[in-house]
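Numbering (our numbering), first residue to last: 5 to 436.
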């Protein structure tokens, strides 16, 4: 028997294994041709619970926690746990209804390997077949393990992270720069492409959503395209299941042809909403230069005055008052349910972590638009008052940036004025 050195043996074994792996195509970024988007089986929430639990659910128990929070079982049937909660249970669909739903959705939206959006508005918002195919591969490589094949936020790693990865299917997003009105009429609030691109590029601070800033711009744009596809498909599925289970007159007894027509019409409507949201006229922009630049001899006093005005607005009581949710400036915020049925907690603003972005304009948008899926209302303030709030929020984590009167009220008076250095530029206790 040949006496082959161990290191050489290992190289031979590894080389053979690599050949097997390549043959098995385990590194392919393309989905299998036969794979289909699964019809959702988790609850569809029309209105979330108003309860405020004291703790998060156990890891890996997301859907169980949503069921427990929003429903109870009476005589073997799930019913709302409290008045005002509205939900639909997709497991109540008949087998023929599920088959018709799956077939019609595939007809319009294709498969994970060959995604489509067969609506007249699709190409207007960049949802062409080539972009979708590229986006599908990139999504499988970078996103699927958290956000899931169907964009349901239930990928293999999702149960073990908090906050939970975004579920795109209800068509709801948190960090948006668009207005909720157009020509005086309410519109379906959604992000524009720049909003989605910003989140993918920068990530979401304080969460497991990383920044993908190393990706080329073209690849980020392709990911944006595919996320839009998943969201449109998911929202169409959401509305169709809701219509079937509520016995909508447009889908009598779950008729397959009626289901297909409903899906086609709903896809056109939702695609049109996305077209509107990418109209630059809808983006909220400050009237003047942002943020205000204080110059001259009194610039420090002017900024301090703005921070103090922002503090007074923050603690103002009444509907929409910041302090009502960000209790003790967020240090004692309570958990609450969001539009996905998961738990969120208003930010502790004494800690410099801003999930929607830390630029002044990012915080400006959060004040002006709010975060509707999480229950954060928009503020109807003029630009000056909005910037006052932005200045206060930006200064809040840094006590010495706050005016003394504000600092004492926020931090209990234990913060002292910074001490000046002695003439030798040595700190106290270092002189020899």
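Note that beta-carbon positions come from the ideal geometry of N, C-alpha and C, so glycine has one too.
By Cβ distance below 6 angstroms, which residues in the same chain neighbour residue i in space, the five residues on each side in sequence not counted?
i	result
residue 258	101 and 248
residue 138	226
residue 367	394 and 397
residue 237	113
residue 73	53
residue 130	229
residue 406	399
residue 161	149 and 150
residue 391	295 and 296
residue 30	With a pLDDT of 48 at residue 30, under the threshold of 50, the predicted position of this residue should be treated as unreliable, and no value is reported.
residue 383	371
In chain order, what residues of the same chain lie with their CB nearer than 8 angstroms to the CB of residue i, ignoring the 5 residues before and after it?
i	result
residue 403	411, 414, 415 and 419
residue 395	295, 307, 310, 311 and 314
residue 214	207
residue 88	51 and 54
residue 42	153 and 154
Compare the C-beta of residue i against all C-beta atoms of chain C and say whether one is closer than 7 angstroms.
i	result
residue 169	The structure shown contains no chain C, having only a single protein chain.
Below 8 angstroms on the Cβ atoms is my guess for residue i versus residue j; work out the distance and round it to an integer in Å.
i	j	result
residue 292	residue 387	6 angstroms
residue 121	residue 275	7 angstroms
residue 204	residue 193	Actually they do not touch by this definition, with Cβ atoms about 20 angstroms apart.
residue 264	residue 108	4 angstroms
residue 389	residue 311	With a Cβ gap of about 13 angstroms, residue 389 and residue 311 do not count as contacting.
residue 50	residue 90	4 angstroms
residue 281	residue 195	7 angstroms
residue 353	residue 334	4 angstroms
residue 78	residue 182	With a Cβ gap of about 42 angstroms, residue 78 and residue 182 do not count as contacting.
residue 378	residue 342	5 angstroms
residue 224	residue 201	6 angstroms
Around the C-beta of residue i, are 16 or more other C-beta atoms found within 10 angstroms, so that it is buried, or is it exposed?
i	result
residue 239	buried
residue 53	buried
residue 56	exposed
residue 119	buried
residue 164	exposed
residue 222	exposed
residue 357	exposed
residue 171	buried
residue 39	exposed
residue 241	buried
residue 149	exposed
residue 270	buried
residue 301	exposed
residue 187	exposed
residue 64	exposed
residue 32	exposed
residue 372	buried
residue 75	buried
residue 28	For residue 28, the predicted structure reports a pLDDT of 40, less than 50, and the residue's modelled location is therefore unreliable. A value from the coordinates is still provided. Exposed, because fewer than 16 other Cβ atoms sit within 10 Å of the Cβ of residue 28.
residue 409	exposed
residue 217	exposed
residue 156	buried
residue 45	exposed
residue 104	buried
residue 322	exposed
residue 320	exposed
Residue i bridges to which residues according to DSSP?
i	result
residue 51	90
residue 316	For residue 316, which the question treats as bridged, DSSP gives no partner whatsoever.
residue 186	189
residue 348	340
residue 2	With the chain running from 5 to 436 in the structure shown, residue 2 is simply not present.
residue 375	380
residue 287	182
Using C-beta distances below 7 angstroms, list every residue in its chain close to residue i, excluding the 5 sequence neighbours before and after it, in chain order.
i	result
residue 35	116, 117, 140 and 144
residue 98	258
residue 211	167 and 359
residue 262	254, 255 and 256
residue 93	47 and 82
residue 135	226 and 229
residue 376	193
residue 208	359
residue 128	279
residue 133	120
residue 318	326, 327, 393 and 396
residue 267	108, 109, 112, 240 and 244
residue 95	45
residue 298	306 and 307
residue 67	46
Given the structure, does residue i come close to the ligand HEM, in the sense that its CB is under 6 angstroms from one of the ligand's heavy atoms?
i	result
residue 247	Summarising the ligand content, the structure contains no ligands, and the ligand HEM is consequently not present.
**Request:** List in chain order: all unbroken beta strand (DSSP E) runs of 3+ residues lying wholly within the segment 76-146.
**Result:** 81-84 and 90-92
**Request:** Would you mind listing the beta strand (DSSP E) stretches within the segment 235-309 that are 3+ residues and don't spill past its ends, in chain order?
**Result:** none
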